[in-house]
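Just so we're on the same page, my numbering is the position in the sequence shown counted from 1, plus 452. Heads up, the beta-carbon is just placed ideally off N, CA and C, and yes, glycines get one too.
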Amino acid sequence: MRRKLVVGNWKMNGNLAQNKTLLDTLVRDLRGIDHADFAVCVPYPYLFQAQAILSGTNIAWGAQNIAKHGAGAYTGEVSAAMLKEFDSSYVIIGHSERSNAYCESDANIASKFAVAKGFGITPIFCVGETLQERESGVMEYAIANQLDFVLSVSGGALLDNAVVAYEPVWAIGTNKTATPEQAQAAHSFIRERISALHPGAAESVRIIYGGSVNPINAAQLLSMPDIDGGLIGRCSLDAADFERICRAACQF
Ligand code: 13P
Numbered sequence: 453m454r455r456k457l458v459v460g461n462w463k464m465n466g467n468l469a470q471n472k473t474l475l476d477t478l479v480r481d482l483r484g485i486d487h488a489d490f491a492v493c494v495p496y497p498y499l500f501q502a503q504a505i506l507s508g509t510n511i512a513w514g515a516q517n518i519a520k521h522g523a524g525a526y527t528g529e530v531s532a533a534m535l536k537e538f539d540s541s542y543v544i545i546g547h548s549e550r551s552n553a554y555c556e557s558d559a560n561i562a563s564k565f566a567v568a569k570g571f572g573i574t575p576i577f578c579v580g581e582t583l584q585e586r587e588s589g590v591m592e593y594a595i596a597n598q599l600d601f602v603l604s605v606s607g608g609a610l611l612d613n614a615v616v617a618y619e620p621v622w623a624i625g626t627n628k629t630a631t632p633e634q635a636q637a638a639h640s641f642i643r644e645r646i647s648a649l650h651p652g653a654a655e656s657v658r659i660i661y662g663g664s665v666n667p668i669n670a671a672q673l674l675s676m677p678d679i680d681g682g683l684i685g686r687c688s689l690d691a692a693d694f695e696r697i698c699r700a701a702c703q704f
């Protein structure tokens, strides 16, 4: 039985005062709820604040990107060792907002995945199709390509304790959510694909859904057998919404 995981992706939002209110509220309202795992992935400058407020609670924290290099002359990059200094448990890798805007290649994403794992940080590896890919019938091909590259570079053992996020690009920030059936079909396809390459990893790897999850649609999505949690954008910035999604995850 896979435990559900709900992760907030704050993206480029927040400030010290708002973060404090949001995190203090989540700590108070999620205290003692232990049927699922919870985390927030915050902008780099707020890792220290997240660590200070969330240490010793049932909410983990992490970042939204990681450098593929260890250290050196890479202006603007942040290394795995730096994330580890702030006890980051998770890092989002390959989010479409990054891969599109910064032309992140599959090879880069695969390197970042391996680097995170090497430092004991759980990668949340995002895959998903564009609307054009879905409408032209190549959705599975597109997702398989993204998965295969990382899986073939990383090997099955690296999937232990890793997370895959299915994020259909057309559902991110659009208020268009995949129906539970559409999301389940994609998650089941991802699990089968992992199984074909690394049979041992497929049953345990958590595949979470991201794309306009909100307190209204969360329970239906999270009730599906291959949806092991959510990666939440906008609704992770509102303590009450995020709490309701976390509580929905605990029902299953
Ligand atoms: P929204 O929940 O705002 O659609 O964002 C989803 C997302 O990109 C999570 O990584």
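Check: For residue 658, write down the residues that DSSP places opposite it in a beta bridge.; Outcome: 615
Check: To the nearest whole angstrom, what separates the beta carbons of residue 594 and residue 587, a pair I think is in contact under 8 Å?; Outcome: Between residue 587 and residue 594 the Cβ distance is about 12 Å, and since that is not below 8 Å, they are no contact.
Check: Let me check one thing: in DSSP terms, what residues is residue 595 bridge-paired to?; Outcome: In DSSP, residue 595 forms no bridge with anything.
Check: Using only CA atoms, which one of 642, 535 and 640 lies nearest to residue 499?; Outcome: 535
Check: Provide the residue span of the beta strand (DSSP E) that contains residue 459, from first to last.; Outcome: 457-461
Check: Give a yes or no on whether the C-beta atoms belonging to residue 459 and residue 518 are separated by under 8 Å.; Outcome: no
Check: Could you tell me which residues DSSP puts in a beta bridge with residue 574?; Outcome: 542
Check: I want to know whether the stretch 638-653 touches the stretch 589-609 - three or more CB-CB distances under 8 Å.; Outcome: yes
Check: Flag residue 662 as yes when its Cβ comes closer than 7 Å to any non-hydrogen atom of ligand 1, and as no otherwise.; Outcome: yes
Check: Taking DSSP's pairing of strands, which residues face residue 702 in a bridge?; Outcome: The partner list for residue 702 (beta bridge, DSSP) is empty, contrary to what the question assumes.
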